[in-house]
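Student: Under the working numbering, the first residue of the sequence shown carries the number 12, and numbering increases by one thereafter.
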Amino acid sequence: MKDSKEMLRIVAGSDVPVLLLGESGAGKEVAARFVHRSGPRERGPFIALNCAAIATGLMESILEGAKRGSFTGASMDQLGVVRAAEGGTLFLDEIGELPLSCQGKLLRILQEKAVLPVGSARAISVNFRLICATNRNLQAEMAQGRFREDLFYRINTFPIEIPPLRERADFPEVARDVWHEICGKENMDITAAEINLLQKFTWPGNIRQLKNVLLRYQLLKRHGISLEEILAEEFAAQVATNFARNSSTTCGQPIYSKNFSSARKPRTTPPSWNVLRETLVKYNGNKSQTASELGISRGCVDSQIRKWNLES
12 MKDSKEMLRI VAGSDVPVLL LGESGAGKEV AARFVHRSGP RERGPFIALN
62 CAAIATGLME SILEGAKRGS FTGASMDQLG VVRAAEGGTL FLDEIGELPL
112 SCQGKLLRIL QEKAVLPVGS ARAISVNFRL ICATNRNLQA EMAQGRFRED
162 LFYRINTFPI EIPPLRERAD FPEVARDVWH EICGKENMDI TAAEINLLQK
212 FTWPGNIRQL KNVLLRYQLL KRHGISLEEI LAEEFAAQVA TNFARNSSTT
262 CGQPIYSKNF SSARKPRTTP PSWNVLRETL VKYNGNKSQT ASELGISRGC
312 VDSQIRKWNL ES
């Protein structure tokens, strides 16, 4: 398959439903907005709804709208996000979090291309493009009975995997775009050396985490705080989180034999391939112990193993 950026360009010129897949913070909403801006509905509205942030009891009225007086608090007619997207794009983020009861309502809207506002007896036709996004494996969710199969095949017309930041070949371009978003395009003072430093990390929080770090840097650099210091603090916190998460036992022995406060100082750059290989051999391939020895996260170990093809 072609890379995700080309796939987005290809599908943007059509009007088919798109399903964006990828880790949290990988830029799925950015991709959805690109498809909208580059497509035939660019002059229409772009309406985004986070399905994970809506109470189940309110989902029906939020999706389809409601007539005045149809329930307590409905002091005026409510349009609903589907009709608000008329002529444009409806972006349903975290579609995998949509409760089963609401999935049936969404399926009916897509099948009939109409909404039935709460308290109304008349269906209203709608015309919008649908883009959904999820960080869940929807096929696994179907197997567990948590996602409707018929809805899956409605939204899975054109799936696109948005790669995590650590796997993107265009990392320098992404970093510059995020920096310009923060500081304005006329501000060009992020250097190639700083981008190279950023690129050495695995960024489990993806673009959202990168933006947080650069926001912090933009505020603190005038006070003499370097990017290296900010990155050291950011990823030291991740090592602490991983310690708390993984402080269980393996074969009767603790994964970490020291308190984090006295553990090896976290690295700010990944180890070289030969150091990583020797440490893996030392611990018989145990990734958690290797990460502890090298002062990096287990996710960084996994990433470097893939990078240097050290699986064997």
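Where is the CB? At the ideal position from N, CA and C, for every residue including glycine.
#1: What's the gap between the Cα of C194 and the Cα of L60?
#2: Compute the Euclidean distance between the alpha carbons of E105 and I218, then round it to the nearest angstrom.
#3: Measure from the alpha carbon of R52 to the alpha carbon of each residue in F139, S35, R20, G296, then state which is nearest.
#4: Taking only the alpha-carbon atoms, compute the straight-line gap between S272 and A247 and give it to the nearest angstrom.
#5: Would you mind working out which of K78, E123, P175, L141 sits nearest G130, comparing C-alpha positions?
#6: Measure the alpha-carbon distance for K39 versus L238 and round it to whole angstroms.
#7: So for R8, helix, strand or coil by DSSP?
#8: One question on the structure: do A42 and I171 come within less than 9 Å of each other, judged by their Cβ atoms?
#9: Rounded to whole angstroms, what is the Cα-Cα separation between R94 and I241?
#10: On the DSSP letters alone, give me the boundaries of the alpha helix (DSSP H) that E97 sits inside.
#11: Assuming P215 is part of the alpha helix (DSSP H), what are its boundary residues?
#12: Sort out for me which residues DSSP pairs I166 with in a bridge.
#13: Which value, in whole angstroms, describes the spacing of the CA atoms of S25 and G50?
#14: What residues are listed by DSSP as bridge partners for C143?
#15: Just tell me which of R54, Q114, G107 has its CA closest to the CA of L74.
#16: Return yes when the Cβ of T213 is within less than 9 Å of the Cβ of P28, no when it is not.
#17: What residue from T290, R309, V189 has the CA that sits closest to P299's CA?
#18: Would you mind stating whether L88 and G76 have Cβ atoms separated by less than 9 Å?
#19: Helix, strand or coil: which one does DSSP assign to S237?
#20: Spatial neighbours of L225 within its chain, please: C-beta separation below 7 Å, excluding the five flanking residues on both sides.
#21: Would you call the CB atoms of V185 and L208 closer than 9 Å?
#22: Considering only residues of the same chain and omitting the five flanking positions on each side of H47, which have a CB-CB separation below 6 Å?
#23: Who are the Cβ neighbours of M70 in its own chain at under 6 Å, not counting the five residues just before and after it?
Tutor: The structure says:
#1: If I take the Cα positions, the gap works out to 28 Å.
#2: Each residue's CA atom was taken as its position, placing E105 and I218 some 17 Å apart.
#3: When only C-alpha atoms are compared, the closest one is F139.
#4: Bear in mind that the predicted position of S272 carries a pLDDT of just 35, short of 50, making it unreliable; the figure below should be weighed with that in mind. Within the model, the alpha-carbon separation for S272 versus A247 is close to 11 Å.
#5: Among K78, E123, P175, L141, the Cα nearest to that of G130 is on K78.
#6: Using only the alpha carbons, I get a separation of about 27 Å.
#7: Shown here, the chain extends from 12 to 323; a query on residue 8 therefore has no answer.
#8: Against a cut-off of 9 Å, the Cβ pair of I171 and A42 comes out as a contact.
#9: When rounded, the distance between both Cα atoms is 45 Å.
#10: Counting along the chain, no alpha helix (DSSP H) covers E97, and no H or E run does either.
#11: That residue, P215, is in no alpha helix (DSSP H); it is neither H nor E in DSSP.
#12: Beta-bridge pairing links I166 to no other residue.
#13: Roughly 7 Å between the two C-alpha positions.
#14: C143 pairs with L30, L103.
#15: The shortest Cα separation from L74 among R54, Q114, G107 belongs to Q114.
#16: Contact flag unset, no.
#17: Checking the displayed sequence, the identity of residue 299 turns out to be Ser instead of Pro. The residue with the shortest Cα to Cα distance from S299 is R309.
#18: As written in the sequence, residue 88 is Asp, which differs from the Leu given in the question. The beta carbons of D88 and G76 sit closer together than 9 Å.
#19: In the structure shown, S237 sits in coil (DSSP, three-state: anything other than H, G, I, E or B).
#20: Within the same chain, L225 has close Cβ partners V189, W190, I193.
#21: Between V185 and L208, the C-beta spacing is not below 9 Å.
#22: Only F57, T100 meet the Cβ criterion.
#23: Excluding residues up to 5 positions away in sequence, C113 lie with their Cβ nearer than 6 Å to the Cβ of M70 in the same chain.
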